[in-house]
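Engineer:
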Amino acid sequence: MFAKWLGALLVLAAAAAWGERQAIRLRRRVVELEEFRLALRLLMAEIGYTATPLPRALEYVASRLKGSGVRSFFTEVRIQLAEPGLVDDASTAWSRVAAVKQETLALEADDWAVLTRVAAGLGALGRDDQVRQLELADAQLSSLATEATEVCRRGEKMWRYLGVFGGLAIVILLL
Amino acid sequence: MNHLNAPVTGELEEIRLRTGRPLLVHSGRGEYFLGPAGIVDAGGACRVHQADIQEVLLLMTEYSMYARDEELRRGYLALPGGHRAGFSGRTVLENNSVRLLRDISGINIRICREVKGAGEKLLTHLYCDRDKRVRHTLLVSAPQAGKTTLLRDLARLLSDGDVGTGRPGLKVGIVDERSEIAGCYLGQPQLDIGQRSDVLDGCPKAEGMMMLVRSMSPQVVVTDELGRAEDIRAVEEVVNTGASILASAHGQSVSELLKRPSLAWLIENRLFERVVLLSRARGPGTVEGVLSGEALYRAKEAGGQSHVC
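Quick mapping for you: the protein sequence lines, in order, are chains V and X.
Residue numbers for the first sequence follow our numbering, beginning at 974 and rising by one.
Residue numbers for the second sequence follow our numbering, beginning at 74 and rising by one.
(1) Shortest alpha-carbon distance to X/VAL272 belongs to which of X/ARG287, X/GLU309, X/GLU250?
(2) Tell me where the beta strand (DSSP E) around X/HIS323 begins and ends.
(3) If you measure beta-carbon to beta-carbon, which residues of the stretch 133–162 of chain X are closer than 9 Å to chain B?
(4) Beta carbons nearer than 7 Å to chain X: which residues of the stretch 1071–1100 of chain V have them?
(5) Can you give the Cα-Cα distance for X/LEU231 and X/ALA320, rounded to whole angstroms?
(6) Of all Cβ atoms in chain X, is any one closer than 8 Å to the Cβ of V/GLN1106?
(7) Name the residue from X/GLY362, X/GLY358, X/ARG353 whose alpha carbon lies nearest to the alpha carbon of X/ARG347.
(8) Any beta carbon of chain V sitting closer than 8 Å to that of X/LEU131?
(9) So for X/ALA158, helix, strand or coil by DSSP?
(10) Count Cβ pairs between the stretch 308–326 of chain X and the stretch 217–233 of chain X that sit closer than 8 Å; are there 3 or more?
(11) I'd like to know if X/GLU250 contacts chain V, where contact means its C-beta is closer than 8 Å to some C-beta of that chain.
(12) List the whole-angstrom C-beta distance separating X/GLU84 from X/GLY101, where the pair is believed to meet the contact cut-off of C-beta under 8 Å.
(13) On the criterion of 16 or more Cβ atoms from any shown chain inside 10 Å, does V/ARG1010 qualify as buried, or is it exposed?
(14) Output the distance between the C-alpha atoms of X/PRO241 and X/LYS205, rounded to the nearest integer angstrom.
(15) Starting from V/THR1048 and walking both ways along the alpha helix (DSSP H), at which residues does that stretch end?
(16) So, X/ALA372 versus X/SER335, is the Cβ gap smaller than 8 Å?
(17) Look at the alpha carbon of X/ARG147 and the alpha carbon of V/LEU1088, and state the distance between them as a whole number of angstroms.
(18) Using the DSSP secondary-structure output, state which residues sit across from X/ASN181 in a beta bridge.
(19) When DSSP builds the beta bridges, which residues end up paired with V/ALA1086?
(20) When you compare only the Cα positions, how much space is there between X/SER161 and V/ALA1112?
(21) What are the boundary residues of the alpha helix (DSSP H) that includes X/GLY148?
(22) Since X/HIS209 and X/SER317 are thought to touch, with beta carbons under 8 Å apart, how far apart are those beta carbons, to the nearest angstrom?
(23) Counting Cβ pairs, one atom from each stretch, are 3 or more of them under 8 Å apart for the stretch 160–176 of chain X and the stretch 189–204 of chain X?
(24) Tell me whether V/ILE1145 is buried or exposed, calling it buried when 16 or more other Cβ atoms sit within 10 Å of its Cβ.
(25) Output needed for V/GLY1040: all residues of its chain with C-beta closer than 7 Å, excluding positions within five of it in sequence on either side, in chain order.
(26) At the 8 Å Cβ level, is V/THR1048 part of the contact set with chain X, yes or no?
(27) Going by DSSP, which residues form a beta bridge with X/TYR200?
(28) What span of residues does the alpha helix (DSSP H) with V/ASP1101 cover, start to end?
(29) Buried or exposed: V/TRP1067, going by 16 or more other Cβ atoms within 10 Å of its Cβ?
(30) What's the gap between the Cα of X/TYR131 and the Cα of V/GLU1019?
(31) Relative to the C-alpha of X/ARG141, which residue among X/ALA124, X/TYR258, X/LEU227 is closest?
(32) Using DSSP's beta-bridge definition, name the partner residues of X/PHE106.
(33) With DSSP run on the structure shown, which of helix, strand or coil describes V/GLY980?
(34) Can you name, in chain order, every residue of its own chain whose Cβ lies under 8 Å from the Cβ of V/ALA987, other than the five neighbours on each side?
(35) What does the alpha-carbon distance come out to for the pair X/GLY366 and V/THR1025?
(36) Can a CB atom of chain V be found closer than 8 Å to the CB of X/GLU128?
Rendered as structure tokens:
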């Protein structure tokens, strides 16, 4: 009897944890989108105002970010550029890191589509064009962040309840 | 480059990359074609591809063309160590001035070399011990005859002073429009320009001279390649503030110098007290003659015949 209740408790806890994980992922997406927006605005200032070369601009941006996931994105692009012969251009470095980070960050395909477009011409354009391109990406991420906030508001509770009640349903069925 | 022997690398002056053509290096000993194993004849030399040019350009700009677009527009890039790369390609014009350089097809990497002590002999002609000041001086030569090297060393010598002879160190302000004198990289001089030197890097000469005079109270203002009308006006302003001017200009001879209206105006008004003629006759920096401003004025009056004194 004890083993039965212990098993039921474990099933319930696992289901609740799964629901919590989904809710956290929704919240992380919002946080990461806002972090990327901040990073792009910092990068814009470094390029548009001080014309800082990309490796140092990326290092500065990374140093100003709190979230370790987005910070490591910029750090890794900088490392790729610093390593002789590793990449042909900044665009390749950005795209390569983006491909790797899709596995670990909570961003969706739409978010990555915008971020991947940033790579086009990165470092190979004039200052004004480079800033315009980043402004466009920032505007697109802004609308995605608004949408993500709404999805999070609606989905966060839903996933938590679904986890707990789903777990209960399984327990009832099994008992 | 690793296969080149020491005498060639020791006197290396230029590395030339031209799309579709062989890789060339120029040294004080002559011109060499480069192949995978070092110096070869023209047939065995490495051919430079457009992709090579692009890769070199991206490496030189740290993958950030926007950060160097102003320099690229002028056709050159300052590199770490005081070296410099010049570019040729297709220009894009806007309002009759160059907006950018695209389709770059040639890169000339000019190796910078400090020659400490190169200006020591010359300094005795330029420094007035009685007044403890430098005479307003113009160095004149054709390209690659050592003007910038000499200017740099003179700036260093004047800035450091000489304890042995009692010559005091002077405050030297350098307007380095093309990052050639101090070889600044990220704002830091890469070459020895003395303890009391301040550099305005990448700044237009005329504006830079006035900025320095207003803000850094230099006793000597050093700048390269005078020629434009606004430079000449700025030189006059510097002279009027009491600072000395040490500058250079392109020219093969005095007569050629006098044909340039703006420089001729400076001579006519006797702004320069010394004009130094340089050549490569016995290597870069060979002093062909030191003319007093008065002698030069007389030369102008006599129809541009140069007299070396």
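We treat Cβ as the ideally placed atom computed from N, Cα and C, and that holds for glycine.
Structural biologist: Taking the coordinates as given:
(1) In the second sequence, the residue the question calls residue 272 of chain X occupies position 199. When each option's Cα is compared against that of X/VAL272, the closest is X/GLU250.
(2) Residue 323 of chain X sits at position 250 when you count from the first residue of the second sequence. 317–323 is the extent of the beta strand (DSSP E) around X/HIS323.
(3) Of the chains in the structure shown, none is chain B; the protein chains are V and X.
(4) GLY1096, ALA1097, LEU1098, GLY1099, ARG1100
(5) Translated into positions along the second sequence, residue 231 of chain X becomes position 158. Translated into positions along the second sequence, residue 320 of chain X becomes position 247. Approximately 14 Å between the Cα atoms of the pair.
(6) The residue you call residue 1106 of chain V lines up with position 133 of the first sequence. It does not; no Cβ of chain X falls within 8 Å.
(7) Reading the second sequence from its first residue, position 274 is the one you call residue 347 of chain X. Measuring from the Cα of X/ARG347, the nearest candidate turns out to be X/GLY362.
(8) The residue you call residue 131 of chain X lines up with position 58 of the second sequence. Closer than 8 Å: yes.
(9) Counting from one through the second sequence, the residue named residue 158 of chain X turns up at place 85. Residue state, collapsed to three classes: strand.
(10) The way I'd put it, the stretch 308–326 of chain X does touch the stretch 217–233 of chain X; three or more beta-carbon pairs between them come closer than 8 Å.
(11) Numbered from 1 along the second sequence, position 177 holds the residue referred to as residue 250 of chain X. Not a single C-beta of chain V is nearer than 8 Å to the C-beta of X/GLU250.
(12) Within the second sequence, residue 84 of chain X is the residue found at index 11, counting from 1. Within the second sequence, residue 101 of chain X is the residue found at index 28, counting from 1. Contact flag correct, Cβ pair sits at about 3 Å.
(13) Residue numbering aside, residue 1010 of chain V sits at position 37 when the first sequence is read from its first letter. Note on V/ARG1010: 16 or more other CB atoms within 10 angstroms of its CB, so buried under the neighbour-count rule.
(14) For the purposes of this step, residue 241 of chain X is taken as the residue at position 168 of the second sequence. For the purposes of this step, residue 205 of chain X is taken as the residue at position 132 of the second sequence. Near 8 Å, if we compare the C-alpha coordinates of X/LYS205 and X/PRO241.
(15) The count along the first sequence starts at 1 and reaches residue 1048 of chain V at position 75. First-last of the alpha helix (DSSP H) with V/THR1048: 1041–1055.
(16) In the second sequence, counting from the first residue as 1, residue 372 of chain X sits at position 299. In the second sequence, counting from the first residue as 1, residue 335 of chain X sits at position 262. No, the Cβ-Cβ distance between X/ALA372 and X/SER335 is not below 8 Å.
(17) Mapped onto the second sequence, residue 147 of chain X falls at position 74. Mapped onto the first sequence, residue 1088 of chain V falls at position 115. Spanning the two alpha carbons is a distance of roughly 33 Å.
(18) Within the second sequence, residue 181 of chain X is the residue found at index 108, counting from 1. Looking at the DSSP assignment, X/ASN181 forms a beta bridge with X/ARG89, X/GLY159.
(19) If you number the first sequence from 1, residue 1086 of chain V lands on position 113. The partner list for V/ALA1086 (beta bridge, DSSP) is empty, contrary to what the question assumes.
(20) To locate residue 161 of chain X, count along the second sequence from 1; it is residue 88. To locate residue 1112 of chain V, count along the first sequence from 1; it is residue 139. Distance between the alpha carbons of X/SER161 and V/ALA1112: 38 Å.
(21) Residue mapping note: residue 148 of chain X aligns to position 75 of the second sequence, counting from 1. Note, X/GLY148: premise wrong, no alpha helix (DSSP H); not H, not E.
(22) Position 136 of the second sequence, counting from 1, holds the residue named residue 209 of chain X. Position 244 of the second sequence, counting from 1, holds the residue named residue 317 of chain X. Contact flag correct, Cβ pair sits at about 6 Å.
(23) no
(24) Taking the first residue of the first sequence as 1, we reach residue 1145 of chain V at position 172. With fewer than 16 Cβ atoms within 10 Å of its Cβ, V/ILE1145 is classed as exposed.
(25) For the purposes of this step, residue 1040 of chain V is identified with residue 67 of the first sequence, where counting begins at 1. Leaving aside the five residues that flank V/GLY1040 on each side, the residues in its chain whose CB is nearer than 7 Å to its CB run, in chain order, VAL1004, GLU1005, GLU1008.
(26) Locating residue 1048 of chain V in the first sequence gives position 75, where the first residue counts as 1. So, not an interface residue.
(27) Numbered from its first residue, the second sequence carries residue 200 of chain X at position 127. BP columns for X/TYR200 point to X/VAL207.
(28) Counting from one through the first sequence, the residue named residue 1101 of chain V turns up at place 128. Counting along the chain, the alpha helix (DSSP H) containing V/ASP1101 begins and ends at 1100–1147.
(29) Locating residue 1067 of chain V in the first sequence gives position 94, counting from the first residue. The C-beta of V/TRP1067 has 16 or more other C-beta atoms within 10 Å across all chains shown, which makes the residue buried.
(30) For the purposes of this step, residue 131 of chain X is taken as the residue at position 58 of the second sequence. For the purposes of this step, residue 1019 of chain V is taken as the residue at position 46 of the first sequence. One point to set straight first is that residue 131 of chain X is Leu, not Tyr, in the sequence displayed. So the alpha carbons of these two residues sit roughly 19 Å apart.
(31) In the second sequence, counting from the first residue as 1, residue 141 of chain X sits at position 68. The shortest C-alpha separation from X/ARG141 is found at X/TYR258.
(32) Mapped onto the second sequence, residue 106 of chain X falls at position 33. For X/PHE106, DSSP records a beta bridge to X/LEU97, X/VAL113.
(33) Walking along the first sequence from the start, residue 980 of chain V turns up at place 7. Of the three classes helix, strand and coil, the one that applies to V/GLY980 here is helix, per DSSP.
(34) As a first step, residue 987 of chain V is located in the first sequence; it is residue number 14 there, counting from the start. Once the five neighbours on either side are set aside, the close Cβ partners of V/ALA987 are GLY1140.
(35) As a working note, residue 366 of chain X is residue 293 in the second sequence. As a working note, residue 1025 of chain V is residue 52 in the first sequence. Approximately 45 Å, taken between the alpha carbons.
(36) Taking the second sequence and counting its residues from 1, the one referred to as residue 128 of chain X is at position 55. Answer yes: the Cβ-Cβ gap between X/GLU128 and chain V drops below 8 Å somewhere.
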